Amino acid sequence: MRRLIAAALGLTALTGCGGSARSSGDSKPGKKILRVAYDREIDVLNPFTSQNLVDISFSMIEGLVTTDETNRYVPVLATVIPTRENGLIVTKPDGTVDITWPLHEHVRWHDGEPFTAADVCFTWKFITSPHSETYNREQYLGITGCRTPDDHTVVFTWDGEYSYYGGLFEAVLPEHLLGTMTPEQIVNYEPYNRGSKTIGTGPFKFAEWKAGEYIRVVKNESYWRGPTYPAIDEIVWAFIPDANTRLNALESAQYDYGQILPTQVKQVANLAGYKTHLVSSNSVMHLDLNITTEHGRALFGDPDVRRAIFQAIDRKAIAEQLMEGTVVIADSPINPSSQFHNAAVRAVTLDPAGSKRLLDHAGWVPGPDGVRIKNGERLSFILLNRAGAADRIAIAQVIQSQLKAVGVEVGFETLESAAWTQRWRSGRWEAVVSLWFLPADPSLTGLYACDGANNMTGFCDPVLDTVLKRSDHTFSVAERKQSLDEAQNMLTDLARTLPLYYNVTPEVVSARVGNFRGSGTNFGSFWNLYSWTLSR
Amino acid sequence: MGAYLRRRLLQMVPLLFGISIVVFAVIQAAPGGPEGALLGTGRFIDPSVTLAYRHRLGVDQPVVVQYVRWLAAALRGDLGVSFSSTRPVADMIMERLPATLELMASSFLFAAIIATLLGTYSALYRHSTLDVIATGASFLGVAMPVFWFGLILQLIFSVKLGWLPVAGTGTIGATSLGDHLKHLVLPGLVLSFRNIAGWSRYLRSSLIDVRHADFVRTARAKGLRERTVVGVHAVRNALIPVVSVMALNVADLFSGAVITETVFAWPGIGRLFVQAMFARDYPVLMGILLMGSFTVIVFNLLADLLYGVLDPRIRYG
Chain W
1 MRRLIAAALG LTALTGCGGS ARSSGDSKPG KKILRVAYDR EIDVLNPFTS QNLVDISFSM
61 IEGLVTTDET NRYVPVLATV IPTRENGLIV TKPDGTVDIT WPLHEHVRWH DGEPFTAADV
121 CFTWKFITSP HSETYNREQY LGITGCRTPD DHTVVFTWDG EYSYYGGLFE AVLPEHLLGT
181 MTPEQIVNYE PYNRGSKTIG TGPFKFAEWK AGEYIRVVKN ESYWRGPTYP AIDEIVWAFI
241 PDANTRLNAL ESAQYDYGQI LPTQVKQVAN LAGYKTHLVS SNSVMHLDLN ITTEHGRALF
301 GDPDVRRAIF QAIDRKAIAE QLMEGTVVIA DSPINPSSQF HNAAVRAVTL DPAGSKRLLD
361 HAGWVPGPDG VRIKNGERLS FILLNRAGAA DRIAIAQVIQ SQLKAVGVEV GFETLESAAW
421 TQRWRSGRWE AVVSLWFLPA DPSLTGLYAC DGANNMTGFC DPVLDTVLKR SDHTFSVAER
481 KQSLDEAQNM LTDLARTLPL YYNVTPEVVS ARVGNFRGSG TNFGSFWNLY SWTLSR
Chain E
537 MGAYLRRRLL QMVPLLFGIS IVVFAVIQAA PGGPEGALLG TGRFIDPSVT LAYRHRLGVD
597 QPVVVQYVRW LAAALRGDLG VSFSSTRPVA DMIMERLPAT LELMASSFLF AAIIATLLGT
657 YSALYRHSTL DVIATGASFL GVAMPVFWFG LILQLIFSVK LGWLPVAGTG TIGATSLGDH
717 LKHLVLPGLV LSFRNIAGWS RYLRSSLIDV RHADFVRTAR AKGLRERTVV GVHAVRNALI
777 PVVSVMALNV ADLFSGAVIT ETVFAWPGIG RLFVQAMFAR DYPVLMGILL MGSFTVIVFN
837 LLADLLYGVL DPRIRYG
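Top line first, the protein sequences correspond to chains W and E.
Per this note's numbering, residue 1 is the first one in the first sequence, and the count goes up by one each step.
Per this note's numbering, residue 537 is the first one in the second sequence, and the count goes up by one each step.
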């Protein structure tokens, strides 16, 4: 019997010779290889048309700027970020604005062609085409013209003042490769999407994309920052979608970097040779109520009812117990790491007794089953849950039980991810716990203005609108800070939304890795990969 | 036999056509669209971008129009282009197929051998200690959630003991055949466990019945050795119902093991399916589901033909 089992095992082993077995030599030993346990397989490498976050692309493709761990812009292909003070922003008599970006010289694309200002203008033309499908295309539409006085200077003419000008052009496309194509052709151009012709100016060059397994990039030997950079020979992003598997893989020391869940942090607290960084993901977990539907309006139309609901929710318990103390309670949508965060705002204070008084005062009195009633309407609503989002569902359960204590009934409807997104975007829901990722520039207009593209709640306040729009159209940081401070105050006064906590991404990083600084923006923690080191 | 085969093959055409309609309708009936991935990132999305995206993919058209377009292309052998990766669906399936075939075939063979040995032993030595243990383990094997079992094996053999890798198909920077085979062990084991449990039970009960059949008594009466009676006469006949179950399971070889491949980050069809599902990548889903349906039909036919080989009394008309 034992012999037979051994034979069977041997047979199993023999059948393993085919398929995805690879010969050795893919990656030569002795090289400094950064091994990343990555949580998904991305769709395409074009950073403008990818539907995912594109931190892998940014290892190869650079833009005019990136953002650091404090959400500040850092010039990359630009030598400096234009401001009024350095004279690179000039408002003309007709109200239009010229913004000049000086570019680094001696920068070359991975195929050896020189990078010039024309590439930047070409990128602008692509993004603003109706067919580019760039997620933040709207922000580029204020640019009315692009000029290149020389190969290393690009001048954009804007039709007015736009505060977020500094965070655009996070990538630049190569005109010499894509210039003859239409935007539709570029969107569908497989060699650029898939790697064989994905060229950038970045510290790493594309090497291989093994479907379902990994993306491998190798050192750009002629990187423009000089021979010292990058200090790593190769990076492999292995796609490991399951969070528990990723944790196991990190615990068995197979990877140098990986993201885990906040609830897994304790498990790696004593992992030898690794450090867990709680990187602020520049996002805010929040509870939104919706007045788009008739039922929602009847329930939440009164700001006192919203305030009462918010007062009954123990955010401290959610942050400290549910999220195991890995996150920080939020009082405004803008992250404390941003210079535009208003530290004086307090969203709400936990006060269940006060909550009951407010509801009594608003005419919602306890019914026979304990649920409050007003004009025959029960204070009962459905919270839309996303299947698989364990953190949000747990929060929803806490909210459900805490609101029950003040006479508010919460039911659940759980939908699969894509279905949830569709419903959420359609506005046909009553309450939702969700997460917003803010760009480094924290414009709140899209979220809270009456016509905000991402305002699905039906709330509209003309005064808030004015303040928000004012914050978007100024080059003065002080003026902008003042407007955004005011907006954050108003969000609390109007009981517009309940910020719960600032989310973190726990990133487990090997002690071999040097110069890791983290970042919660679209660029992710790989924004400064060129300077990362890897000891043996 | 020839006429039978011809008739069965002809029947496949309307069957596949019907399946394609049902599958297309089911996929489209799921709420949410391919723009869900973009919107689900939590970033601020310009609504005109969503519209442009839907228009390029053609999902702003009525479902019937979309189906006719898909069918017309499929009849020309073109399964379309993936919404999310912009690559031909056929290429994507073909590059994932080897990994799935490798994983499934090795676990299938392993399970078949162990199940045959275990099932035969359990039937011959009913109520023995090993039989009782095997019966208990079988219930456990069928009941155990695959993702949980996979994670527990990772914890024991990778994290605690350090014997085997957690996931993937090779160690980064040090790939070799031996290394690759080590990566195959855990997912292969997880996948085979359930089949060993099921198949050995089928064989056990089938063999217990067959052992009391007339032809077995005749074989014994002829004076054949017990090993020949069991090996040549009893087990061969007892395998008939088991083979039909196995043949149906062979179809899984092509459709992949969705959960196992996800837990072990194995780059097969199963994971591609999960990715396509979440991204509402309709062309990829259609491609995989139709391929799965096709293989089920083919292996059903093969199972029917195999009956004749195992039992000469079965004739096809």
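For glycine and all other residues, C-beta sits at the position ideal for the given N, C-alpha and C.
Bear in mind the structure is a predicted one, so any value in this text is a computation, not a measurement.
Legend entry - Any 3 or more C-beta pairs closer than 8 Å across the segment 810 to 825 of chain E and the segment 702 to 715 of chain E: They do not touch, by the three-pair rule.
Inset, instruction - To the nearest angstrom, report how far apart N335(W) and V284(W) are at their CA atoms. - result: As a working note, residue 335(W) is residue 335 in the first sequence. As a working note, residue 284(W) is residue 284 in the first sequence. Their Cα atoms are separated by approximately 8 Å.
Inset, instruction - Using only alpha-carbon positions, find the residue among D151(W), W158(W) and T128(W) that is nearest to D584(W). - result: Nothing can be reported for residue 584(W): it is not among the residues displayed for chain W, which extend from 1 to 536.
Inset, instruction - Might you give, ordered along the chain, the residues of its own chain that have their beta carbon closer than 8 Å to the beta carbon of L494(W), omitting 5 neighbours on each side? - result: As a working note, residue 494(W) is residue 494 in the first sequence. Counting only Cβ-Cβ distances below 8 Å, and skipping sequence neighbours, we find P303, F459, D461 and L464.
Inset, instruction - Answer with yes or no whether the minimum CB distance from R895(E) to chain W is below 8 Å. - result: Lying outside 537 to 853, the shown extent of chain E, residue 895(E) is not represented and no answer is given.
Legend entry - Chain-order list of residues whose beta-carbon lies under 8 Å from that of P75(W) (same chain, five-residue window excluded): Within the first sequence, the letter at position 75 stands for residue 75(W). L64, V65 and I81.
Legend entry - chain E within 8 Å of S471(W), Cβ atoms only: If you number the first sequence from 1, residue 471(W) lands on position 471. Among the residues facing chain E, S471(W) is not included, as its CB has no counterpart in that chain under 8 Å away.
Legend entry - Runs of alpha helix (DSSP H) lying entirely within the segment 786 to 844 of chain E, each at least 4 residues, in chain order: Segments of the alpha helix (DSSP H) lying fully in the segment 786 to 844 of chain E: 788 to 791, 794 to 799 and 805 to 815.
Legend entry - Residues of the segment 543 to 556 of chain E with Cβ closer than 7 Å to any Cβ of chain W, in chain order: Result list empty, no residue passes.
Legend entry - G520(W) versus R536(W), D242(W), G407(W) and D441(W), residue with shortest Cα-Cα distance: By one-based count along the first sequence, residue 520(W) stands at place 520. Distances from the alpha-carbon of G520(W) to those of R536(W), D242(W), G407(W) and D441(W) put D441(W) closest.
Legend entry - Buried versus exposed, by CB contacts within 10 Å (16 or more), R816(E): Translated into positions along the second sequence, residue 816(E) becomes position 280. R816(E) is buried by the Cβ-count criterion.
Inset, instruction - Please state if the CB of L593(E) and the CB of P567(E) are separated by a distance shorter than 8 Å. - result: Residue 567(E) sits at position 31 when you count from the first residue of the second sequence. Residue 593(E) sits at position 57 when you count from the first residue of the second sequence. No, Cβ-Cβ distance for P567(E) and L593(E) is not below 8 Å.
Legend entry - Rounded distance between the beta-carbons of P803(E) and A635(E), thought under 8 Å: Along the second sequence, read from residue 1 onward, the residue named residue 635(E) stands at position 99. Along the second sequence, read from residue 1 onward, the residue named residue 803(E) stands at position 267. Yes, they are in contact, since the Cβ atoms of A635(E) and P803(E) sit about 5 Å apart, within 8 Å.
Legend entry - Counted within 10 angstroms of its Cβ, other Cβ atoms place I186(W) as buried (16 or more) or exposed: Along the first sequence, one-based indexing puts residue 186(W) at 186. Answer is buried; the Cβ neighbour count reaches 16.
Inset, instruction - Would you kindly report the start and end of the unbroken alpha helix (DSSP H) that includes T123(W)? - result: The count along the first sequence starts at 1 and reaches residue 123(W) at position 123. Element bounds for T123(W): A117 to T128.
Legend entry - Residue burial classification, E133(W) (beta-carbon count within 10 angstroms, cutoff 16): For the purposes of this step, residue 133(W) is identified with residue 133 of the first sequence, where counting begins at 1. Buried.
Inset, instruction - Mind the definition here: the segment 230 to 243 of chain W touches the segment 197 to 214 of chain W only if three or more C-beta pairs lie below 8 Å; say whether that holds. - result: Taking a cut-off of 8 Å on C-beta distances, the segment 230 to 243 of chain W touches the segment 197 to 214 of chain W, as three or more cross pairs fall below it.
Inset, instruction - Express the C-alpha separation of M323(W) and V365(W) in angstroms, rounding to a whole number. - result: Here the question's residue 365(W) lines up with position 365 in the first sequence. Here the question's residue 323(W) lines up with position 323 in the first sequence. Approximately 34 Å between the Cα atoms of the pair.
Inset, instruction - List the endpoints of the continuous beta strand (DSSP E) containing M181(W). - result: Position 181 of the first sequence, counting from 1, holds the residue named residue 181(W). It is not in any beta strand (DSSP E) - M181(W) carries neither H nor E in the DSSP assignment.
Inset, instruction - Identify the continuous alpha helix (DSSP H) that holds D472(W) and give its terminal residues. - result: Within the first sequence, residue 472(W) is the residue found at index 472, counting from 1. Boundaries of the alpha helix (DSSP H) around D472(W): P462 to D472.
Legend entry - Y589(E): contacting residues in chain W (beta-carbon distance under 8 Å): Here residue 589(E) is taken as the residue at index 53 of the second sequence, counted from 1. Those within 8 Å of Y589(E) in chain W are E133.
Inset, instruction - Report the rounded CA-to-CA distance for S557(W) versus V558(E), giving the unit in angstroms. - result: Absent from the structure is residue 557(W), since the part of chain W shown begins at 1 and ends at 536.
Legend entry - contact_flag[the segment 401 to 414 of chain W, the segment 472 to 480 of chain W] where n(CB pairs < 8 Å) is 3 or more: Below 8 Å, too few C-beta pairs join the segment 401 to 414 of chain W and the segment 472 to 480 of chain W to call them touching: fewer than three.
Legend entry - Nearest to G572(E) (by Cα), restricted to the options R297(W), T505(W), W420(W) and S510(W): By one-based count along the second sequence, residue 572(E) stands at place 36. The option with the nearest alpha carbon to G572(E) is W420(W).
Legend entry - DSSP-derived helix/strand/coil call for R147(W): One-based indexing of the first sequence puts residue 147(W) at position 147. Of the three classes helix, strand and coil, the one that applies to R147(W) here is strand, per DSSP.
Inset, instruction - Would you identify the three-state DSSP class for A440(W), choosing helix, strand or coil? - result: By 1-based counting over the first sequence, the position of residue 440(W) is 440. A440(W) falls in the coil class under three-state DSSP.
Legend entry - Beta-carbon neighbours of P130(W), restricted to chain E and to distances below 9 Å: Taking the first residue of the first sequence as 1, we reach residue 130(W) at position 130. The answer, in chain order, is S584 and A588.
Inset, instruction - Using a cut-off of 9 Å between C-beta atoms, extract the partners of Q564(E) located in chain W. - result: The sequence position of residue 564(E) within the second sequence is 28, counting from 1. Within chain W, no residue comes near Q564(E); the closest Cβ sits about 12 Å away, beyond 9 Å.
Inset, instruction - Mind checking the segment 63 to 78 of chain W against chain E and listing, in chain order, the residues whose C-beta falls within less than 7 Å of any C-beta there? - result: Cβ contacts with chain E: none found.
Inset, instruction - Return yes when the Cβ of I329(W) is within less than 8 Å of the Cβ of I399(W), no when it is not. - result: Taking the first sequence and counting its residues from 1, one reaches residue 399(W) at position 399. Taking the first sequence and counting its residues from 1, one reaches residue 329(W) at position 329. No.
Inset, instruction - Leaving out five residues on either side along the sequence, give the residues of the same chain with a beta carbon under 6 Å from the beta carbon of F560(E). - result: Residue mapping note: residue 560(E) aligns to position 24 of the second sequence, counting from 1. So the qualifying residues of the chain are Y603.
Inset, instruction - Can you give me, in chain order, the residues of the segment 690 to 704 of chain E that have a beta carbon less than 7 Å from any beta carbon in chain W? - result: Result list: Q690, L691, S694, V695, G698, P701, V702, A703 and G704.
Legend entry - Inter-residue spacing [alpha-carbon to alpha-carbon] between A344(W) and A317(W): Residue numbering aside, residue 344(W) sits at position 344 when the first sequence is read from its first letter. Residue numbering aside, residue 317(W) sits at position 317 when the first sequence is read from its first letter. Roughly 22 Å separates the two Cα atoms.
Legend entry - Top-ranked residue by Cα proximity to V467(W), from A347(W), M456(W) and G446(W): The residue you call residue 467(W) lines up with position 467 of the first sequence. Nearest to V467(W) by alpha-carbon distance, out of A347(W), M456(W) and G446(W), is G446(W).
Inset, instruction - Would you kindly work out how many angstroms separate the C-alpha atoms of V155(W) and I56(W), rounded to a whole number? - result: Position 155 of the first sequence, counting from 1, holds the residue named residue 155(W). Position 56 of the first sequence, counting from 1, holds the residue named residue 56(W). For V155(W) and I56(W), the gap between their C-alpha atoms comes out near 29 Å.
Legend entry - Integer-rounded CB distance, given that G195(W) should sit under 8 Å from N220(W): By 1-based counting over the first sequence, the position of residue 220(W) is 220. By 1-based counting over the first sequence, the position of residue 195(W) is 195. In fact, because the Cβ distance is near 14 Å, the residues do not count as touching under 8 Å.
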